[in-house]
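Trainee:
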Amino acid sequence: MGRHRRIRFNPNDYFFYSHDRMMRRQGEGANIAFMSMNLDGHIDPRKLADTVRHVFTAHPVLMAGIRISLLGGRPFWRLPDDIDAAATKQSLAACTHDDFSSDPDGAERCEDLWQSRCGPAWDLRAGPQMRIEQYSLPNQQTRVCIRWPHLLMDAEGAMLFLAELAQHGRGDAAAAVDGLQDDARLVDPLSRVGFLSRARLAIAGLRGLSGGDSPKVRTLFEDGRPAYADQRCLHREWSNEQFAMIRELAKACVPSGPILYARYLAVCVVHALHRIFQERGVETDAYLTTLPQSISAAHGDTAHTRPMQGNYIVSPTLHGPASMIGDRKAMAQTITDQLSAYSDAGMQRKQWAISWAASFARAGFYQMLMKLPLGLEALSSGFSYYGGIRAPIDAIEGARVVNLWGAGPLPTPPAWNPVFARFGDTLNMSLTYSRPAISDELAESYTNYIEEEIFTNA
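To convert, note that position 372 of the sequence shown is 378 in the numbering used here; the numbers rise steadily by one, no gaps.
1. Under 7 Å: does the beta carbon of Trp244 sit that close to some heavy atom of the ligand FAD?
2. Three-state secondary structure (DSSP) at Glu243?
3. With DSSP run on the structure shown, which of helix, strand or coil describes Arg84?
4. Applying the criterion that 16 or more other CB atoms from any shown protein chain within 10 Å of the CB defines a buried residue, is Glu458 buried or exposed?
5. Which first and last residues belong to the alpha helix (DSSP H) in which Ala179 is found?
6. Run through the DSSP bridge pairs and tell me what His325 is partnered with.
7. Within its chain, find whatever has a CB closer than 8 Å to the CB of Asp109; leave out the 5 residues flanking it on each side and keep chain order.
8. Does Gly370 pass the burial test, meaning 16 or more other C-beta atoms within 10 Å, or should it be called exposed?
9. Assign Gln374 to one of two classes, buried (16 or more other C-beta atoms within 10 Å of its C-beta) or exposed (fewer than that).
10. If I'm right that Gln425 touches Ser436 with Cβ under 8 Å, what's the distance once you round it to whole angstroms?
11. Whole angstroms is fine: what's the gap from Lys356's alpha carbon to Phe106's?
12. DSSP state of Arg198, grouped into three classes?
13. Put Asn16 into one of helix, strand or coil per three-state DSSP.
14. Mapping DSSP to helix, strand and coil, what is Ala93?
15. Short of 6 Å in beta carbon distance, which residues of its chain neighbour Ala93, apart from the five on each side in sequence? Order them along the chain.
16. Would you call the CB atoms of Arg224 and Thr290 closer than 8 Å?
17. Taking Gly112 as part of the beta strand (DSSP E), name the residues at either end of that continuous run.
18. Do you know offhand how far Met136's Cα is from Asp333's?
19. With a CB to CB cut of under 7 Å and the five nearest residues on each side skipped, what residues in its chain are close to Gln32?
20. Write down the C-beta distance between Asn44 and Phe22 rounded to the nearest angstrom, noting that I regard them as a contact closer than 8 Å.
21. Could you spell out the range, first to last residue, of the alpha helix (DSSP H) harbouring Thr63?
22. Taking Cβ positions, are Ile6 and Leu410 nearer each other than 8 Å?
23. How would you call Asn463, buried or exposed, if buried means at least 16 neighbouring beta carbons within 10 angstroms?
24. Taking a contact to mean a Cβ-Cβ separation below 8 Å, would you say Thr453 touches Leu385 in this structure?
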């Protein structure tokens, strides 16, 4: 790290920081994401904490606190002065261990405790910015969950953190994790684009986002936003024969091409949303979801390296027309066409350019920008899909990783966010939702409907 004491935000981080502030000011809690791992085997909590200490030392940004620059008025990460001392202290503060291994009801008690920790209070002014929860379960099983503020990193960055844990646990601390570079070496997807060209890209992006004739879209919260109480998460997983069935259903429904599973699951989510909206008597012309895409390699680096921290995602807004409900192949085609149009128009780079232009604003003014209609207020649901990374996440301190999945919250509306994650031959779905805007019963119905749609042959 040399003499680095500041790590600047990339433009996307600044957006997520402002989005986090917006959620807090609306009384909805911070935007805290998570990843949860199921492991076969128990872990010595002292060894795990020591491994975390090594990772914190290698990546001090995980121990940083947010500051606002006096001249520019923009946020940055302020690193500790004494990295080694901070790593010793903060690794202990970051790690918790709950032992349910001798309790016959240990799995249920673990789940209740884990759920209660969703949406935790978080002080961004001081580290640690990564928390690690270890749950020892009966039958030599372990659950490890990491939580972090979304503005710190995206899902790819979180998996790079887990890859670091896995590597240090194997005793390979000296080796470099594939795809990971120094905290201070930020990736700029527009690195070869000049100032004026960036400005033109941003203007073109704003025009592209405006769309043209937009459908009339309603949400479940036309009568206002209920007061936020807490967050919860539902999880489903499908492995082996079930995943093989999903693959065949996707191929039969969706036009061939990239991100086939994501497009198929988008069709299923839209149909599940229609069932929910119909039951609640909410008529809408279309169902709107997101589909985040990685842009960290868009600058042409074939090695696809990046720092652990940072958000490198952009997202089209997918429109699922209500008129196409029931014709799954037609819905798959229109979603495919929307994604193709988004890519053909170069909207990935244009959206990044919009964030770049907004990043010149002082933090207070950025909050005013967040009040503008950005499209988030009309979303019917969140939606995302991600797979693994090149670096292996196979074992933590000798315990084999059996499954890995995660998600994060969205504000109200839409107040829920289904995230699909593939790990090996397992497909996971995690639905985070805010209560009481979304009741437990409604979240269960939505999850069940998505699962039913996934296994629908029509």
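Heads up, the beta-carbon is just placed ideally off N, CA and C, and yes, glycines get one too.
Computed from a predicted structure; not experimentally measured.
Mentor: Concretely, from the data shown:
1. Ligands displayed in this structure: none; no statement on the ligand FAD is therefore possible.
2. strand
3. strand
4. exposed
5. Looking at the DSSP string, Ala179 is not in any alpha helix (DSSP H), and its letter there is neither H nor E.
6. Leu294
7. Arg115 and Pro144
8. exposed
9. According to the sequence provided, residue 374 is Met. The question's Gln does not apply to it. With fewer than 16 Cβ atoms within 10 Å of its Cβ, Met374 is classed as exposed.
10. This sequence places Val at residue 425; Gln is not what is there. Right, their Cβ atoms sit about 5 Å apart.
11. 50 Å
12. coil
13. coil
14. helix
15. Arg59, Phe62 and Thr63
16. yes
17. Here Gly112 belongs to no beta strand (DSSP E); instead the alpha helix (DSSP H) covers Gly112 to Ser122.
18. 44 Å
19. Pro417
20. That pair is no contact at about 28 Å.
21. Pro51 to Ala64
22. Only positions 7 to 464 of the chain appear in the structure, and residue 6 is not among them; the question remains open.
23. exposed
24. no
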